[in-house]
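Notes for the one structure printed next.
There are 2 protein chains.
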Amino acid sequence: MVDKRLGYIIKRTQQLLRLQMDGALDTVGLTTPQYAALSILEEDEGLSNAELARRCFVTPQTMHKIVKGLEEKSYVRRQSDPTHGRKINTLLTSSGEEILQSGHEIVEDIETEMTQDLTKGEVAQTVKHLSKCIESLESSS
Amino acid sequence: MVDKRLGYIIKRTQQLLRLQMDGALDTVGLTTPQYAALSILEEDEGLSNAELARRCFVTPQTMHKIVKGLEEKSYVRRQSDPTHGRKINTLLTSSGEEILQSGHEIVEDIETEMTQDLTKGEVAQTVKHLSKCIESLESSS
DNA sequence: AATATAATATCAGTATACTGATAAAACAAG
DNA sequence: CTTGTTTTATCAGTATACTGATATTATATT
């Protein structure tokens, strides 16, 4: 039975989670990739497009479009790096920080719902096990 | 830290797993969605396009293209349902069964590699926990 | 039986993430 | 200092999965 395999389960979970996030974040006018980018910028303000792309595990080209969308909505602003002629740093605006907080609430609610039948310990265990899977997959490439 | 959240971990695991599968299955000329479709057909021979789409969690339009690709390579054949004028049943050919076995080996190897640092019990536990996440996500939509 | 509803197959168009390509700036090495 | 490599930003094209639309066949209801 293919539907008992870990790979299948992971894919299905991710697919449903993404669907929920897309729908819920849309109510505040964010896409899931935009929310991810804003979240990274909250932790590390002023990243370049290339660095932001690496942190979100997408290509620079893809991140470029995501950031352009965020810039049009004035959730981020970009300014040339004073110490580097090519880099353009991306910074959260105050409305960007606001919308991000709404996003956090939405996503936390979904994660709470997703893990409602698991104990705190079980969630932590799952995170630990999947982290080991990530490490193994990363080293095998 | 966003990168300690279960949702983030699930996404990253799925992304890496998919990357590995795409690369490995490509060596035998299969795409990951094609492999998934063949796997379902192995369990339930002769499904219609619509039913196959539901089982693979994609739209009928998407499955139509996948099946067309498989048909061109003669891994499946399609025949009108004798009891139903509109349905067209999809069946594995012998070369389809062969390529699927290669696919199974490839995917099993990847899963083995992915879970190399987990015990059998830990894998089973992770499957159980994620299955509960799936159930919760499905009922919340 | 006639008509409404639903399911199926399939043609288009659209969105998103990818690879490819190019140009500019920075850095490293001879 | 100049030449080659790397990094960055960004324009295009491509692939894939989506939504929308349409026609055909089944099924359900009156």
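So the protein lines, in turn, are chains A and B.
Note that UniProt numbering gives residue 3 to position 3 of the first sequence, counting from 1, and the numbers run on in steps of one.
Note that UniProt numbering gives residue 51 to position 51 of the second sequence, counting from 1, and the numbers run on in steps of one.
Heads up, the beta-carbon is just placed ideally off N, CA and C, and yes, glycines get one too.
With a 10 Å radius around its C-beta and 16 neighbouring C-beta atoms as the bar for buried, classify residue i as buried or exposed.
i                      : result
B/G103                 : buried
B/L47                  : buried
B/I10                  : buried
A/Q14                  : buried
A/G85                  : exposed
residue 161 of chain A : This structure leaves residue 161 of chain A out entirely; chain A is present only between 1 and 141.
A/G121                 : exposed
A/M114                 : buried
A/S95                  : exposed
A/S39                  : buried
Have a look at residue i and residue j and give me their C-alpha separation to the nearest angstrom.
i                      : j      : result
A/L30                  : B/Q116 : 38 Å
B/R78                  : B/T90  : 4 Å
A/S136                 : A/N49  : 28 Å
A/P82                  : A/I88  : 9 Å
A/D3                   : B/E43  : 11 Å
A/Q20                  : A/Y35  : 13 Å
A/M63                  : B/T32  : 25 Å
A/L17                  : A/T59  : 22 Å
A/R54                  : B/Y8   : 15 Å
B/S74                  : B/T93  : 7 Å
B/L118                 : A/E138 : 15 Å
A/I66                  : A/F57  : 13 Å
A/E45                  : B/R5   : 20 Å
B/L100                 : A/E51  : 40 Å
A/G69                  : A/E98  : 17 Å
A/I134                 : B/C133 : 19 Å
residue 185 of chain B : B/A37  : Outside the displayed span of chain B (1 to 141) sits residue 185 of chain B, for which this structure offers no information.
B/E72                  : A/S140 : 33 Å
B/S80                  : A/L41  : 54 Å
Kindly provide the ranges of any beta strand (DSSP E) runs that are 3 or more residues long and lie completely inside the region 30-93 of chain B, ordered along the chain.
76-80 and 88-92
Quick test of the definition: if touching needs 3 or more C-beta pairs under 8 Å, does the region 16-31 of chain B touch the region 95-110 of chain B?
yes
Segment contact, 8 Å Cβ cut-off, at least three pairs: the region 120-132 of chain A with the region 115-135 of chain B
yes
Quick one: which residues of the region 93-116 of chain B get their C-beta closer than 8 Å to a C-beta of chain A? List them in chain order.
V107, I110, E111, E113, M114, T115 and Q116
Give, in chain order, every residue of the region 60-94 of chain A whose Cβ lies closer than 8 Å to some Cβ of chain B.
none
Short-range partners of chain B found in the region 36-50 of chain A, where Cβ spacing is below 9 Å
A36, S39, I40, E42 and E43
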